[in-house]
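A short worksheet on the structure shown next.
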Amino acid sequence: MRVRNSSEFYSLLHALENLDPEWFVHVGEESRPNIYLDDGDYKIPVEKILLERQLLAKLRNILGMNSRSWRTAEKKDEIRLYVTFYRQFGLTYAQVAEILKIPASTLRHDFPELKYNETISKDFKLSTDVFGNQLKANEI
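The sequence shown maps to residues 74 to 213 in the working numbering.
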């Protein structure tokens, strides 16, 4: 996205700056984009911090910053299974990449479909909560 031609980007950025000139300090520490490790600055009202985080998430969405949690080693087997599943139905890597929101070249080179009689290197277990959301290893 070209930022210089985006009035929405600049209006959100000005809204964030007008709301709190030191928003970058007050929103809190992140482990990765939009995943916060703390509750933000305790001297600032919670509603203000939540609004700042929402504005920041919208700005990142405009910039095209997607979650890259698929890059972790624990996700590799899962993604290869997805790729194999979609490829069995005749989808191209470009189509699979669009579904999974991962660059097509990354899928082709780093996450190829499973070959005939290939097994996954470790025990793959997909754990979900009562709502069907996938749980991470540290949440099980």
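Think of the CB as a built atom: it goes at the ideal place given N, C-alpha and C, for glycine as much as any other residue.
This one's a predicted model, so the numbers in the text were calculated from it and none came from an experiment.
Per DSSP, the continuous beta strand (DSSP E) segment holding E103 begins and ends at E103 to R105. Taking 8 Å as the cut-off, the beta carbon of I122 is found closer than this to the beta carbon of V100. For a cut-off of 8 Å, the C-beta gap from S79 to I135 is around 6 Å, short enough to register as a contact.
Counting the other Cβ atoms within 10 Å of the Cβ of F204 gives fewer than 16, which makes it exposed. Between L85 and L154, the CB-CB gap reaches or exceeds 8 Å.
E125 is the residue among S178, E125 and N107 whose C-alpha sits nearest the C-alpha of N91.
Contact between V156 and L180 holds, with the beta-carbon distance rounding to 6 Å and staying under 8 Å. Within a 10 Å sphere around the beta-carbon of L110 sit fewer than 16 other beta-carbons, which makes this residue exposed.
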